[in-house]
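In what follows, a single structure is set out as structure tokens and then discussed.
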Amino acid sequence: MAKDIKENCGLFGIFGDVEAVQKVYFGLYSLQHRGQESAGIASSNGEFMQCYKGMGMVSRVFRRGSGLLEKLANPIAIGHVRYSTTGSSKSINSQPLLSEYSRGQVAVAHNGNLINAALLRDEYEAYGSIFKSTSDTEVIIHLLAKPTHVSNPDPLAHVLNHLQGAYCLLFLFSDRIEASRDPYGIRPLCIGQTEKGGYVIASESCALDMIGAKFIREVEPGEIVTLDKEGLSSRFFVKPGTVTPAHCIFEHIYFAKQNSTIFGENVHEFRKKLGRRLAIEQPADADVVIPIPDSGTSAAVGYAEQSKIPFDMGLVRSHYVGRTFISPDQKLRELEVKLKLAVVKEAVKGKRVVVVDDSIVRGTTTKGKIRTLRQAGAKQIHMRVSCPPLRFPCFYGVDFPTKEELLANNRDFEQIKEFLEVDSVGYMSLEGMLSCAVLPAENYCTACWNGKYRIPVDIPVNKFSIEHHQKHMFDDLPQTNE
Ligand code: SF4
1 MAKDIKENCG
11 LFGIFGDVEA
21 VQKVYFGLYS
31 LQHRGQESAG
41 IASSNGEFMQ
51 CYKGMGMVSR
61 VFRRGSGLLE
71 KLANPIAIGH
81 VRYSTTGSSK
91 SINSQPLLSE
101 YSRGQVAVAH
111 NGNLINAALL
121 RDEYEAYGSI
131 FKSTSDTEVI
141 IHLLAKPTHV
151 SNPDPLAHVL
161 NHLQGAYCLL
171 FLFSDRIEAS
181 RDPYGIRPLC
191 IGQTEKGGYV
201 IASESCALDM
211 IGAKFIREVE
221 PGEIVTLDKE
231 GLSSRFFVKP
241 GTVTPAHCIF
251 EHIYFAKQNS
261 TIFGENVHEF
271 RKKLGRRLAI
281 EQPADADVVI
291 PIPDSGTSAA
301 VGYAEQSKIP
311 FDMGLVRSHY
321 VGRTFISPDQ
331 KLRELEVKLK
341 LAVVKEAVKG
351 KRVVVVDDSI
361 VRGTTTKGKI
371 RTLRQAGAKQ
381 IHMRVSCPPL
391 RFPCFYGVDF
401 PTKEELLANN
411 RDFEQIKEFL
421 EVDSVGYMSL
431 EGMLSCAVLP
441 AENYCTACWN
451 GKYRIPVDIP
461 VNKFSIEHHQ
471 KHMFDDLPQT
481 NE
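Going by the numbering used here, the residue at position 100 of the sequence shown is 100; the numbering climbs one at a time, nothing skipped.
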């Protein structure tokens with residue numbers, strides 16, 4: 001299971017709606033799985049902007065009864081939920097980032113990771129620029145404000161051409177929203193329309209469903225979509241068809257919500273296909289198929305369908321457990337696993353069990369779950385994983401452990417089996433995984449499995465790349481409200 005890998009971020013924007021801010025709130029709620037560290041909303045009345053953001057989940061930042069949504073109420077709004085992939089989890093790094101420059105106010109919300117952010121930042125700092133945060137996103141505002149860029153016929157397109165890496169971006173200007181997606185289309189971004197004809201932009205289509213908007217299409221890689229009083233218009237900052245997409249297939253496997261459609265396909269259907277294929281590639285002689293909930297559930301349904309082995313819920317997740325401490329003590333660590341995931345003894349006792357999960361990262365949490373199944377009386381445990389062994393880190397907007405921490409790094413299948421203490425282990429092949437997708441194999445990024453990074457990474461970046469030399473900054477600052 002991939003909880004050792006943290007989601008990236010979620011974006012939501014809506015233009016010209018009397019309930020814009022409320023809709024952003026609900027949109028962000030449905031994108032909460034993409035980031036739980038901070039949440040924020042920026043809105044405009046057509047002339048002036050307001051922004052409120054804070055640490056924690058949407059429900060905590062915009063508490064019922066706080067009156068915040070009412071204070072922000074304006075017809076144009078964007079919102080952001082964050083998990084930090086560059087810049088630590090501090091309020092100063094929460095988004096949208098609201099700034100003022102020679103052309104007025106702008107608020108930016110970003111999902112992804114800029115691999116050249118540290119380089120660009122160094123350049124600006126060398127000329128005296130001052131940065132307020134340690135997130136990679138702030139460099140975009142500096143690019144936008146640069147006088148030579150401001151005078152360009154299309155400043156935004158010009159700025160986007162300076163960025164390298166993964167980025168879905170929402171820009172709120174006083175009179176419009178501009179949404180863009182990097183030329184590789186690494187992260188998902190889609191367009192919807194409300195019943196009243198207004199336009200919405202969201203990271204995943206589940207957020208459109210949430211507010212009753214209709215899915216129109218995805219924002220194309222290299223495209224800028226403008227929402228303003230004229231409606232929706234589009235332009236490209238990279239000529240269409242000149243870059244082969246590199247959609248993050250891990251979005252399909254783990255990050256995105258099952259009811260979302262991304263990269264042209266429903267997530268649940270894709271995961272079921274993976275499960276069916278996994279049953280063909282890695283069969284097991286067993287009595288019951290159980291998922292590691294929630295991310296392994298759709299694949300387990302597919303595995304059970306294909307193998308004709310009955311599906312059952314042998315593990316149930318508690319939705320009421322927040323973050324628990326990392327205990328140094330093995331016994332307490334086991335209790336922590338049990339707190340989050342309880343075994344239904346009757347479903348596994350005396351049985352040969354196939355356990356299906358979407359991925360294994362470090363392997364330590366998986367091992368804990370396997371132990372609880374053994375303690376509950378499972379006779380045999382056959383671990384099946386619906387993606388290939390993860391061997392390389394991600395530099396495109398996902399917070400991975402280091403290569404050395406990954407279970408499959410320098411371990412063969414026999415060693416993985418021994419580590420997990422299972423009777424057998426079987427992973428999906430790379431070809432098998434790609435064969436389940438609707439787009440041609442070359443349209444997906446698979447770097448965390450095969451190390452083939454489609455956007456070359458000269459200097460490996462991590463969450464702290466920008467702030468490693470200024471660790472003392474921004475500690476314990478209060479919540480930022482602008
Ligand atoms: S390296 Fe893996 S997680 Fe990162 S973008 Fe590529 S497929 Fe997605």
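Each residue gets a CB set at the ideal place from its N, CA and C atoms; glycine is no exception. Predicted model, so just to flag it, every value in this text is computed and none were measured.
Using a Cβ-Cβ distance cut-off of 8 Å, the stretch 73-82 and the stretch 12-23 are in contact, since at least three pairs of beta carbons, one from each stretch, lie closer than that value. A buried status is given to P291, since no fewer than 16 other beta-carbon atoms sit within 10 Å of its beta-carbon.
Runs of the alpha helix (DSSP H) spanning 4 or more residues and lying entirely within the stretch 21-103 occur at 58-61, 68-72, in chain order. The stretch 223-233 and the stretch 167-184 touch, with no fewer than 3 CB-CB distances between them shorter than 8 Å. As for any beta strand (DSSP E) of minimum length 3 sitting wholly inside the stretch 388-454, the runs are 424-427, ordered along the chain. Between the alpha carbons of Q50 and L373 lies a gap of roughly 51 Å.
At a Cβ-Cβ threshold of 7 Å, Y184 and Q193 do not count as neighbours. Residue environment for E251: buried (at least 16 other C-beta atoms within 10 angstroms of its C-beta). G79 places its beta carbon less than 7 Å from that of I41. Each of R277, L11, E405, I381 was checked against the Cα of A207, and the nearest Cα belongs to L11. Going by C-alpha positions, V398 is about 8 Å away from N113. At the C-beta level, Y254 and D358 come within 7 Å of one another.
Inclusion of P389 and Y427 in the CB contact set at 7 Å is warranted, their separation being smaller than that value. F131 has its alpha-carbon roughly 19 Å from the corresponding atom of Q164. In the structure shown, S298 falls within a helical segment according to DSSP collapsed to helix, strand and coil. For V24, the closest C-alpha among the options D209, Y453, A279, F48 is that of D209. With contacts defined by Cβ atoms closer than 7 Å, K351 and A376 do not form a contacting pair. Excluding sequence positions up to five before and after A347, its CB lies within less than 7 Å of the CB of V288, I290, D312, M313, G314, all in the same chain and listed in chain order.
Each residue's CA atom was taken as its position, placing K273 and N443 some 18 Å apart. Distance from the CA atom of G54 to the CA atom of P310, rounded to whole angstroms, is 45 Å. Set against 6 Å, the gap from the CB of A447 to the closest heavy atom of the ligand SF4 is smaller. Collapsing the DSSP output to three states places R317 in a strand.
In the DSSP assignment, no residue is bridged to G197. In this structure, F392 places its C-beta atom within 7 Å of the C-beta atom of G451. The secondary-structure analysis by DSSP pairs P291 across a beta bridge with V356.
Boundaries of the beta strand (DSSP E) around H382: 380-385. Straight across, the Cα-Cα distance linking I115 with D285 is about 46 Å. Distance from L172 to A107 at the Cβ level is roughly 4 Å; contact confirmed, criterion being Cβ atoms closer than 8 Å.
Shortest gap from the CB of C168 to any heavy atom of the ligand SF4: 6 Å or more. Its Cα nearest to that of K90, the residue A39 stands out among V139, A39, L335, A157.
Your pair V343 and T365 does not check out as a contact, with CB atoms roughly 15 Å apart and the cut at 8 Å. The beta carbon of C248 sits closer than 6 Å to at least one heavy atom of the ligand SF4. Contact check for A157 against F237 passes: the beta carbons are separated by less than 7 Å. The closest CA to that of G46, considering only Q105, R82, E100, E70, is found on Q105.
The beta-carbon separation of V361 and I381, rounded to 19 Å, does not stay under the 8 Å limit for a contact. The C-beta distance from H247 to F270 rounds to 12 Å, too long to meet the 8 Å contact threshold.
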